[in-house]
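In what follows, a single structure is set out as structure tokens and then discussed.
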């Protein structure tokens, strides 16, 4: 009789356990469905502005300070180029002079007046190519400033893209971690109830608790990371205060067929830093030409042409032709400088001074041992040319290395995506199998919680690989010097608002 009663109780307990597991499974299904419906309703109720990458780039283009500094540098270089171009032409000025002499009654000196009007001209006829080389330097420096602006523009695109994709990844992770924590929390709550009823042992409860703690840690860690990437995103936009909105979610992309050799070839042709170093090398060579211009004779011309005259107050004032011409020749010989000049003048006589109206003067001078400065400057520019050669070669190696690094990161990202997709599919299947086994009592709630954590971790790894893929494309664009080449960013929509500088 006791044996029959024990067997009956055991069968009843078994049926109760099976019924409880069925209730648990139904509750899980209802909970998942209700969570999805609630999340969809919440998203529809609250419409939050979603910024595309292009909108973020346009916003950053307005606030990005290095671009504004580079734009100001362009304006300064334009002014210097205009100044150098102006120096190629003669300087012309209008000159006028009026003198009134007061009468001195005690000495019997009458009052007088003098007037002089005309044009003054100064021009360097020849200076060993110094003026033309200076103009070319200014023009090349203007090109350098444009390239620096282009470089800052590409840097802005990369920084915004990196911050954008990192924020998009982590926000999707936080959303999934929250949902996963709710699921694991339900597993833990059910496990605790089953343990209190004596249906499962303490090991299963502790394992479920550990999985819940892990899910909590993942959410808290992702939340802190989200805060970090959010402020990095604001910094990339050039915004000082938080803005209402969020970035768009990550979407899968088909990898492109990119070769390393083609990337290096494009970098040689388009990278702004290589072009900058090329212009700086030309500028250093022109500086060498300028410093050696003293080896050639320098011919300067100055003159005045107009009318002048003088008369006592009791006489009529008549203006006559007035001019002067001065030609100066300067030549360095060894460590000395020889200068000669010829001066011819015709003017009206100055009252009370002289009656001479025409004169010719020839003069010469030698500055002894004043060539040390010129010799020192020549050596300095020779050093500058050598430094420019080295910088150009070093920059070429650096750019090629940057291209290789960006290319290998791209290949690494493609491999990571493939691995993450395989792992994600694996854990999806594993979770589905555990759900089936849970009905047949071949799996426990701790197994479900562990499988859920693995699945959500594999999703996070997949998003990390995808974000790294998009960032590596932006880095590859920057490395070759062609923004939007591989990342697909429409650069024209960004550059139109920058005064046509790009």
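Numbering (my numbering), first residue to last: 75 to 576.
Cβ coordinates follow ideal geometry from the N, Cα and C atoms, glycine included.
Worksheet item: Assuming residue 58 contacts residue 559 under a Cβ cut-off of 8 Å, what Cβ separation, rounded to an integer in Å, is found between them?
Response: Outside the displayed span of the chain (75 to 576) sits residue 58, for which this structure offers no information.
Practice prompt. Classify residue 186 as helix, strand or coil using the three-state DSSP reduction.
Written response: strand
Worksheet item: Terminal residues of the continuous beta strand (DSSP E) containing residue 166?
Response: Residues 165-175.
Worksheet item: Of all the alpha helix (DSSP H) runs that stay within the bounds of the region 120-146, which reach a length of 4 or more residues?
Response: 127-137
Fill in: Spatially closest choice to residue 362 from 551, 347, 459, by CA coordinates
459
Worksheet item: Would you say residue 368 touches the ligand NAP, meaning its beta carbon is less than 7 Å from a heavy atom?
Response: As presented, the structure is devoid of all ligands, the ligand NAP included, so that no description of it is given.
Worksheet item: Residues in its own chain within less than 8 Å of residue 344 by CB, not counting five upstream and five downstream?
Response: 554, 555, 556
Item to complete: Classify residue 164 as buried or exposed, calling it buried when 16 or more other Cβ atoms lie within 10 Å of its own Cβ.
Response: exposed
Worksheet item: What residues match up with residue 581 in a beta bridge as DSSP calls it?
Response: In the structure as shown, the chain begins at 75 and stops at 576. Residue 581 is therefore absent and cannot be evaluated.
Item to complete: Determine the direct distance from the alpha carbon of residue 388 to that of residue 411, and round the result to whole angstroms.
Response: 52 Å
Worksheet item: Does the distance from the CB of residue 219 to the CB of residue 147 come in under 8 Å?
Response: yes
Worksheet entry | Range covered by the alpha helix (DSSP H) that runs through residue 295 | 276-311
Worksheet item: With 16 other CB atoms within 10 Å as the buried threshold, where does residue 453 fall?
Response: That one is exposed.
Worksheet item: To which residues of the same chain is residue 525 closer than 6 Å at the C-beta, ignoring the five residues directly before and after it?
Response: Once the five neighbours on either side are set aside, the close Cβ partners of residue 525 are 504, 505, 508.
Worksheet item: Quick one: Cα of residue 296 to Cα of residue 252, how far?
Response: 10 Å
Worksheet item: Helix, strand or coil: which one does DSSP assign to residue 396?
Response: strand
Worksheet item: What residues in its chain sit with their C-beta under 8 Å from that of residue 215, if we drop five residues either side in the sequence?
Response: 151, 154, 155, 353, 357
Practice prompt. Closer than 6 Å by C-beta to residue 212: which residues in its own chain qualify, once you throw out the five before and the five after it? Chain order, please.
Written response: 154, 155, 158
Worksheet item: Taking the alpha-carbon positions, what's the residue 315 to residue 304 distance?
Response: 11 Å
Item to complete: Report the residue from 390, 482, 365 whose alpha carbon sits nearest the alpha carbon of residue 447.
Response: 365
Worksheet entry | Simplified DSSP state of residue 360, which is helix, strand or coil | helix
Worksheet item: So is residue 262 buried or exposed if we call it buried at 16+ other beta carbons inside 10 Å?
Response: buried
Worksheet item: Based on the DSSP output, what are the partners of residue 432 in its beta bridges?
Response: 420
Worksheet item: Leaving out five residues before and five after residue 561 in sequence, what residues of the same chain have Cβ atoms less than 6 Å from its Cβ?
Response: 547, 548, 551
Worksheet item: Do residue 498 and residue 346 have their C-beta atoms closer together than 8 Å?
Response: No, the Cβ-Cβ distance between residue 498 and residue 346 is not below 8 Å.
Practice prompt. Report yes or no: do the region 227-234 and the region 135-149 share at least 3 C-beta pairs separated by less than 8 Å?
Written response: yes
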